[in-house]
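Once you know that position 91 of the sequence shown is 91 in my numbering, the rest is easy, because the numbers rise by one and skip nothing.
Ideal Cβ positions, reconstructed from N, Cα and C, are used throughout, including at glycine.
Predicted, not measured: the structure shown is a model, and the values here were computed from it.
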Amino acid sequence: MAQRYLIGIDLGTTSAKCVIYDVEGNVAAEASRDMVITYPGSGEAEQNAEDFYTVTCELIKKCLMESIIDRNDIAAVGIDSQMGGILAIDKDYNPAIRYDTPLDSRSGGENTWMHEQFGDLIIERNGSMSTFGNKILYWKKRDEWKNIHKFIQPSAFVAGRLAGLSGGEAYMDETFICFSGFADLKNSCWSAELCKAMDVDPDKLPRIIKSTDIIGEVCRKASADTGLPAGIPIAAGCGDQIAGFTGAGILEPGRMVDVSGTACILGLSAGSYTFDLENRTLA
1 MAQRYLIGID LGTTSAKCVI YDVEGNVAAE ASRDMVITYP GSGEAEQNAE DFYTVTCELI
61 KKCLMESIID RNDIAAVGID SQMGGILAID KDYNPAIRYD TPLDSRSGGE NTWMHEQFGD
121 LIIERNGSMS TFGNKILYWK KRDEWKNIHK FIQPSAFVAG RLAGLSGGEA YMDETFICFS
181 GFADLKNSCW SAELCKAMDV DPDKLPRIIK STDIIGEVCR KASADTGLPA GIPIAAGCGD
241 QIAGFTGAGI LEPGRMVDVS GTACILGLSA GSYTFDLENR TLA
């Protein structure tokens, strides 16, 4: 039987990476390149959403060229991405705004308001304080709002482009929703209570799915853009921190992980949903 391979893509804040593994975890090829952050004004820190797709295509092409594998032996593609910001698409899956990164502070007023008014409820439902729900509230006040069909994350943007999804098929996987401020994390859905309290149109929020769900297959355009054969399954993907936790083997309750990166995190795997109102630690 021919060896089978998996492609993993990591869309970080400062760099993007692509690796081809065989199913035993051996690396067949890898590539990376820096990502550009622009600072157009005071408190602004943005990334061009289209760059996530074009860079992904470049890295996949590079890995395919440098490896000796048969492209038809690639079994699936999965993508993770940074978690703290937000981007938005129109009905045709085109960017409606630039990616509003975690480094962007324009939504500071909205952040203060939502946590002063609903902080305890946000933590009870989400397990965490918001990092991008405040950004959604910020964009609600801007002209771009009328063109926004769904708010999504970079991993979903790229996966959707690879699969040729429409705006109505947009999604957010479960690993991101804890940072929204609008979720019911225990039940893996959007909280009608929080959306109503903060006057957020739930229709602007995408469907929530599991990281392991297959959202489609590499479409003909993406095949031409990447060199991948059309028809390869694409997994929904996840947040980069969750990908790192999984890769580090943090899969059983009681195991901890320490992350030193753009965001520094001390994580603990719990056996069930929990939250901390006393200390407001992130979950």
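Straight-line CA distance for Thr101 to Tyr138?
On the sequence shown, residue 101 is found 101 positions in, with the first residue counted as 1. On the sequence shown, residue 138 is found 138 positions in, with the first residue counted as 1. Linking Thr101 to Tyr138 through their CA atoms gives a straight-line distance of about 13 Å.
Ile74 and Ile232 - do their beta-carbons sit closer together than 8 Å?
As a working mapping, residue 232 is identified with position 232 in the sequence shown. As a working mapping, residue 74 is identified with position 74 in the sequence shown. Yes, the pair counts as a contact, with Cβ atoms nearer than the cut-off.
Count the other CB atoms within 10 Å of the CB of Val27; is the residue buried (16 or more) or exposed (fewer)?
Against the sequence shown, residue 27 aligns to sequence position 27. Exposed, since its Cβ has fewer than 16 Cβ neighbours within 10 Å.
Which residue's Cα is closest to the Cα of Glu24: Met35, Ala230, Leu6, Ala16?
On the sequence shown, residue 24 is found 24 positions in, with the first residue counted as 1. Out of Met35, Ala230, Leu6, Ala16, Leu6 has the C-alpha closest to the C-alpha of Glu24.
First and last residue of the beta strand (DSSP E) that includes Arg280?
Indexing the sequence shown from 1 puts residue 280 at position 280. It is not in any beta strand (DSSP E) - Arg280 carries neither H nor E in the DSSP assignment.
Which same chain residues end up closer than 8 Å to Ser223 when comparing Cβ atoms and leaving out the 5 residues on each side of it in sequence?
Residue mapping note: residue 223 aligns to position 223 of the sequence shown, counting from 1. Cβ within range, chain order: Pro229, Ala230.
Tell me the rounded alpha-carbon separation between Asp10 and Ile79.
The residue you call residue 10 lines up with position 10 of the sequence shown. The residue you call residue 79 lines up with position 79 of the sequence shown. The alpha-carbon atoms of Asp10 and Ile79 are separated by roughly 6 Å.
At which residue ranges does the region 54–108 contain complete beta strand (DSSP E) runs of 3 or more residues, listed in the order of the chain?
74–81, 87–89
Sort Thr112, Cys57, Lys17, Glu193 by Cα distance to Ala31 and report the nearest one.
As a position in the sequence shown, residue 31 is number 31, starting the count at 1. It is Lys17 whose Cα lies nearest to the Cα of Ala31.
Using beta-carbon positions only, say whether Ser15 and Asp240 come within less than 8 Å of one another.
Taking the first residue of the sequence shown as position 1, residue 15 is located at position 15. Taking the first residue of the sequence shown as position 1, residue 240 is located at position 240. Result no, Cβ atoms of Ser15 and Asp240 do not sit closer than 8 Å.
Could you give the distance in angstroms between the alpha-carbon of Asn126 and the alpha-carbon of Thr226?
What you label residue 126 is simply residue 126 of the sequence shown in a count that begins at 1. What you label residue 226 is simply residue 226 of the sequence shown in a count that begins at 1. Computed Cα separation, rounded: 37 Å.
Give a yes or no on whether the C-beta atoms belonging to Val257 and Phe275 are separated by under 8 Å.
Taking the sequence shown and counting its residues from 1, one reaches residue 257 at position 257. Taking the sequence shown and counting its residues from 1, one reaches residue 275 at position 275. Taking 8 Å as the Cβ cut-off, Val257 and Phe275 do not qualify as a contacting pair.
Once DSSP output is grouped into helix, strand and coil, what is the label at Tyr39?
Mapped onto the sequence shown, residue 39 falls at position 39. Correct three-state label for Tyr39: coil.
Measure the CB-CB distance between Met172 and Gln153 and report whether it falls below 8 Å.
Counted from its first residue, the sequence shown places residue 172 at position 172. Counted from its first residue, the sequence shown places residue 153 at position 153. Between Met172 and Gln153, the C-beta gap is smaller than 8 Å, which places the two residues in contact.
Of the choices Gly109, His115, Gly249, Glu110, whose alpha-carbon is the least far from that of Leu277?
By 1-based counting over the sequence shown, the position of residue 277 is 277. For the residues Gly109, His115, Gly249, Glu110, the minimum Cα distance to Leu277 belongs to His115.
Taking the alpha helix (DSSP H) that Phe157 belongs to, which residues open and close that run?
Taking the sequence shown and counting its residues from 1, the one referred to as residue 157 is at position 157. Note, Phe157: alpha helix (DSSP H), 154–163.
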